[in-house]
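Chains as they are written, first to last, in the working numbering: chain H, 1 to 879; chain P, 1 to 114.
Even for Gly, the Cβ is constructed at its ideal location relative to N, Cα and C.
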């Protein structure tokens, strides 16, 4: 077998002029035959005649020999390709439309696949990523708040576990722009994350340049070192390789650059989507040992241990841990914990949305295929004479089929290639949208897996749109077609039934897309409408660099700063807080009424904002009682403002105002009750929140300046920054961000998905229109004669118009009816993705029906007009 | 007269191989030889002979070279390759087995069917 195949393969590449050889061979055969006849006594003339009869067609013999050649199929393919190219070129309008809609369909599919591939399918770019787990409480309600632990817990886990070959973590509460790069003109804001020194080692990331952190780097008094992200190194140091082991100035102190992270590892896009992380620094655990639950836990499973086994061990271990060993009664601070595979932690929440997106583009491709099928059917009808003729001349059905499929192949191939180009453009654009809070999106690209997917999808599309029209076009009964003199009347009828069915399915598919998009858009609008507890419009925030001053001096600095900022033209009101809503996620132990004992976990952890006077009104929050004032200082009674939710729980039987509560061991008076804000997530509910005066020694952690102004942030930024720099030359050139940006960031994934699905629905609608238009105008063209006769017999223009539009409406109604049923099931399946919207939302459904009907009538109107404009005389004369 | 196309393709192949086993031959020669030996029962038309010859050549079972025919015409002579004679042997064995089996069945006595 193999030797046979090799032998055949040899002939594929051997140059051959078989035709002349074969001719010579056949001629010789003929000559021999004639000689034999003459020898048997026939006259030369008769001998030649009989030999010729026996011999049959020379041409057929030649072709049969040629067909035996191993390269024959290649030649046929070449012929088919050439012929298809010629025929597509002749029908340029059709080709352009077909390739364009295919490119849109394929492009959308490839782009979404690359997204799915990047976020869900491709393993994380760590060594042996399957062994990495994220360790979090079993009942984590999402977000970071519940999933961080203390240093003592970290050390216990590290020492007591038997499942992990390494446990690491990072400080979870670093705010953006928490450092500045100094020493070279205006300080540049940078974002750094403190990681346990074994962080990269456990993840299995090798620095692109330089060395990994060592254990000693995280010890008190160690000389400060830093690891730069690849992007930061390239942008700020032009990829200078000599930077390793030299010092750069961060926060006005020299820090040695020990390494550069590899390009493949972007901390932000993996662990904190939508934020930029410039540098990693080794964590000194002693400095934060008693600062609370600040560490996230990441573990690498030992070989052979599954996440499930690790989880069952972790579940029994965690309740034995101390919050702080200094406090013996803090044992048992933690509930059961589970080990979640890292990929699941990073991308798990998006799985559902991505599948929906995937289904949406698959629907688009289906519509594209149905549409193309329709176009090809129209073309096949127009070419039926051509095929009949070729069939009559001896072409086999298989040969014709192959040729038509070659045409489909050419269309699919060019559509796919264009689609890849479209998708590559979309992917590279998306990869640079740092503000979209989707994980790993910076790694979005068209990789080989995506290309294979494209090939597969192209083939599937080709089969989907090419098979039925090709079978139809080469259907039997070809001779009857040749005989037909009219515009293939009966044939057209059969085509039309199929084409109607195709249009109906197209409309039904468009229905599903529109309903899906409608529901997601309505959810998005509901999210936009959520009462955030503050008014983000017309306000902006900027990170203030706080000079290293003693408490009272620092408070005067704040007071003076607010005074100066209020004087900047355009600024209506200003305030400071060390934390903003929808930004950093920081909780303290909850306040309680003195003397009352609360059950463990009865009160939720509480978000803390250390704020200046004016902050609450600047944020546009609704306040009962009084705002914090500068008189709330170290010499006066400590005060607190709590949110409605906390107030309702602590004082169920009366107003909380003026009551005393205990906060972090101090007795404080409640001077105000303020609206609940969405502290971490627009779509999640609110927890407890307290506001503490900035001048009462609570230890504010940085400062965010918030201003309210009717002027756009762009114009305000310069005077604001120059004021800040005048007050503190160390102020880095940070951006003045509208508060809306915080909200946008929080809802960016939802907006992203809703927006994409809406685009797909629009494309689906457009294609459905095209389908309706195509079918109706084809049937009008076919019926020109009939319409002419009817008009000659007295049918009015309006009647003709309505009959055509009526047919359009009939098709659409059937399509919409089927589509509504399917949409209903689909809507049920995506309930989890909806917000404040019922899957059977009547507005969406009725909107869809109205939209589709009117669009259908519009696309039927043009051909209807054409029908109504038919002049009976010309119509009867044609053909 | 049975038309040549009725000969099973595989059968024609083995007939050609067998004929060539006795030495190189051109197409006409092969056809007449088979006809003679089969006492005019098997008549191979050019329509199946030459495609078969080409097919066998591409498979590497026979090879061709141009030479002079008996009446001094330029002719394409086919001869068996080692691969071809191996193939012939195995086909003959198979044919032997098959035909024995068939004739055993066809010649079976009434008792054997009972």
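(message) Do residue 450 of chain H and residue 110 of chain H count as a contact pair if the criterion is CB distance below 8 Å?
(response) Working through the first chain from its first residue, we reach residue 110 of chain H at position 110. Working through the first chain from its first residue, we reach residue 450 of chain H at position 450. In contact: residue 110 of chain H and residue 450 of chain H (Cβ atoms closer than 8 Å).
(request) Consider the Cβ of residue 82 of chain H: report whether some Cβ of chain P lies at a distance smaller than 8 Å. (result) On the first chain, position 82 is the one that residue 82 of chain H refers to. With 8 Å as the cut-off, residue 82 of chain H does not count as an interface residue toward chain P.
(request) Spatial neighbours of residue 743 of chain H within its chain, please: CB distance less than 8 Å, with the 5 preceding and 5 following residues excluded, ordered by chain position. (result) As a position in the first chain, residue 743 of chain H is number 743, starting the count at 1. Excluding residues within five positions, the ones whose Cβ falls inside 8 Å are 532, 536, 582 and 682.
(request) Could you tell me if residue 142 of chain H is buried or exposed, where buried requires 16 or more neighbouring beta carbons within 10 angstroms of its beta carbon? (result) Counted from its first residue, the first chain places residue 142 of chain H at position 142. Low confidence applies to residue 142 of chain H: its pLDDT is 42, below 50, so where it sits in the model is not reliable enough to give any reading.
(message) Please list the terminal residues of the continuous beta strand (DSSP E) segment that includes residue 194 of chain H.
(response) Numbered from its first residue, the first chain carries residue 194 of chain H at position 194. Its beta strand (DSSP E) spans residues 192 to 195.
(request) May I have the straight-line CA-CA distance separating residue 871 of chain H from residue 791 of chain H, to the nearest angstrom? (result) For the purposes of this step, residue 871 of chain H is taken as the residue at position 871 of the first chain. For the purposes of this step, residue 791 of chain H is taken as the residue at position 791 of the first chain. Taking the straight line from one Cα to the other gives about 8 Å.
(request) Have a look at residue 609 of chain H and residue 644 of chain H and give me their C-alpha separation to the nearest angstrom. (result) Mapped onto the first chain, residue 609 of chain H falls at position 609. Mapped onto the first chain, residue 644 of chain H falls at position 644. Using only the alpha carbons, I get a separation of about 15 Å.
(request) Measure the alpha-carbon distance for residue 704 of chain H versus residue 819 of chain H and round it to whole angstroms. (result) Position 704 of the first chain, counting from 1, holds the residue named residue 704 of chain H. Position 819 of the first chain, counting from 1, holds the residue named residue 819 of chain H. Near 51 Å, if we compare the C-alpha coordinates of residue 819 of chain H and residue 704 of chain H.
(message) Going by beta-carbon coordinates alone, are residue 12 of chain P and residue 52 of chain P separated by less than 8 Å?
(response) Locating residue 12 of chain P in the second chain gives position 12, counting from the first residue. Locating residue 52 of chain P in the second chain gives position 52, counting from the first residue. Closer than 8 Å, so yes.
(request) Give a yes or no on whether the C-beta atoms belonging to residue 618 of chain H and residue 573 of chain H are separated by under 8 Å. (result) In the first chain, residue 618 of chain H corresponds to position 618, counting from 1. In the first chain, residue 573 of chain H corresponds to position 573, counting from 1. A contact, by the Cβ cut-off of 8 Å.
(message) For residue 39 of chain P, would you say it is in contact with chain H, using Cβ-to-Cβ distances shorter than 8 Å as the test?
(response) Indexing the second chain from 1 puts residue 39 of chain P at position 39. Taking Cβ atoms only, chain H never reaches closer than 8 Å to residue 39 of chain P, which makes this a no.
(message) Please tell me whether residue 50 of chain P has its Cβ less than 8 Å away from any Cβ of chain H.
(response) Stepping through the second chain from its first residue, residue 50 of chain P is reached at position 50. Yes, residue 50 of chain P lies at the interface with chain H (some Cβ there is under 8 Å from its Cβ).
(request) Can you check DSSP and say which residues form a bridge with residue 79 of chain P? (result) The residue labelled residue 79 of chain P in the question sits at position 79 within the second chain. Answer by DSSP bridge pairing, in chain order: P:63.
(message) Less than 6 Å between C-beta atoms, sequence neighbours within five positions excluded: which residues of the same chain meet that for residue 658 of chain H?
(response) The residue given as residue 658 of chain H occupies position 658 in the first chain. Here the set comprises nothing.
(request) Note down the Cα distance separating residue 684 of chain H from residue 714 of chain H, rounded to an integer number of angstroms. (result) Position 684 of the first chain, counting from 1, holds the residue named residue 684 of chain H. Position 714 of the first chain, counting from 1, holds the residue named residue 714 of chain H. If you take the alpha carbons of residue 684 of chain H and residue 714 of chain H, they lie about 31 Å apart.
(message) If you follow the alpha helix (DSSP H) that residue 883 of chain H is in, where does it begin and where does it stop?
(response) The shown model of chain H, from 1 to 879, leaves out residue 883 of chain H, and the question about it has no answer.
(message) Any beta carbon of chain P sitting closer than 8 Å to that of residue 7 of chain H?
(response) One-based indexing of the first chain puts residue 7 of chain H at position 7. It does: the Cβ of residue 7 of chain H has a partner Cβ on chain P nearer than 8 Å.
(request) Starting from residue 318 of chain H, follow the beta strand (DSSP E) in both directions and report where the run begins and ends. (result) For this step, residue 318 of chain H is matched to residue 318 along the first chain. Here residue 318 of chain H belongs to no beta strand (DSSP E), and DSSP marks it neither H nor E.
(message) Once the 5 residues before and after residue 865 of chain H are set aside, which same chain residues still bring their CB inside 8 Å of it?
(response) Within the first chain, the letter at position 865 stands for residue 865 of chain H. Only 801 meet the Cβ criterion.
(request) Hey, could you find the ends of the beta strand (DSSP E) residue 617 of chain H is sitting in? (result) Within the first chain, numbered from 1, the residue matching residue 617 of chain H stands at position 617. Where residue 617 of chain H is concerned, there is no enclosing beta strand (DSSP E), although the alpha helix (DSSP H) it sits in stretches over 615 to 619.
(request) Name, please, each residue of chain P whose Cβ falls closer than 7 Å to the Cβ of residue 68 of chain H. (result) Within the first chain, residue 68 of chain H is the residue found at index 68, counting from 1. Within 7 Å Cβ-Cβ: 51, 54, 55 and 58.
(message) So residue 94 of chain P contacts chain H; which residues on that side make the cut at Cβ distance below 7 Å?
(response) In the second chain, counting from the first residue as 1, residue 94 of chain P sits at position 94. Per Cβ cutoff of 7 Å: no residues; residue 94 of chain P is ~16 Å from chain H at best.
(message) Please tell me whether residue 336 of chain H and residue 321 of chain H are closer than 8 Å, where the distance is taken between their beta carbons.
(response) Numbered from 1 along the first chain, position 336 holds the residue referred to as residue 336 of chain H. Numbered from 1 along the first chain, position 321 holds the residue referred to as residue 321 of chain H. No; because the gap between Cβ atoms is not below 8 Å, this pair is not in contact.
(request) Could you tell me which residues DSSP pairs with residue 281 of chain H in its beta bridges? (result) Within the first chain, the letter at position 281 stands for residue 281 of chain H. Answer is H:194, bridged to residue 281 of chain H.
(request) Check each residue of the stretch 292 to 316 of chain H: if its Cβ is closer than 7 Å to any Cβ of chain P, include it; give the result in chain order. (result) none
(message) Do residue 507 of chain H and residue 852 of chain H have their beta-carbon atoms positioned less than 8 Å apart in this structure?
(response) For the purposes of this step, residue 852 of chain H is taken as the residue at position 852 of the first chain. For the purposes of this step, residue 507 of chain H is taken as the residue at position 507 of the first chain. For residue 852 of chain H and residue 507 of chain H, yes; Cβs fall inside 8 Å.
(message) Distance check for residue 292 of chain H and residue 601 of chain H, CA to CA, integer angstroms please.
(response) As a first step, residue 601 of chain H is located in the first chain; it is residue number 601 there, counting from the start. As a first step, residue 292 of chain H is located in the first chain; it is residue number 292 there, counting from the start. Between residue 601 of chain H and residue 292 of chain H, the C-alpha separation is close to 16 Å.
(request) Go ahead and pull the three-state DSSP assignment for residue 432 of chain H. (result) By 1-based counting over the first chain, the position of residue 432 of chain H is 432. Residue state, collapsed to three classes: coil.
(message) With a threshold of 8 Å between beta-carbons, can residue 399 of chain H be considered close to chain P, or not?
(response) Translated into the one-based positions of the first chain, residue 399 of chain H becomes position 399. Chain P, which has no Cβ nearer than 8 Å to the Cβ of residue 399 of chain H, makes this no.
(message) Considering Cα atoms alone, identify which of H:615, H:136 and H:834 is closest to residue 525 of chain H.
(response) If you number the first chain from 1, residue 525 of chain H lands on position 525. Nearest of H:615, H:136 and H:834 to residue 525 of chain H, Cα basis: H:834.
(message) On the DSSP bridge list, what partners appear for residue 689 of chain H?
(response) Along the first chain, read from residue 1 onward, the residue named residue 689 of chain H stands at position 689. Per DSSP, H:607.
(message) Across the stretch 187 to 201 of chain H and the stretch 736 to 756 of chain H, are there enough close Cβ pairs to call them in contact, namely three or more that are closer than 8 Å?
(response) no
(message) Taking the beta carbon of residue 207 of chain H as the centre, do at least 16 other beta carbons fall within 10 Å, making it buried, or is it exposed?
(response) Here residue 207 of chain H is taken as the residue at index 207 of the first chain, counted from 1. Under this definition residue 207 of chain H is a buried residue.
(request) Check the Cβ-Cβ distances between residue 27 of chain P and every residue of chain A, and say whether any is below 8 Å. (result) In the displayed structure, chain A is absent; the protein chains listed are H and P.
(request) Name, please, each residue of chain P whose Cβ falls closer than 7 Å to the Cβ of residue 3 of chain H. (result) If you number the first chain from 1, residue 3 of chain H lands on position 3. Under the 7 Å cutoff, chain P gives 60 and 83.
(request) Mind checking who residue 544 of chain H pairs with in its DSSP beta bridge? (result) Translated into the one-based positions of the first chain, residue 544 of chain H becomes position 544. Bridge partners of residue 544 of chain H: H:703.
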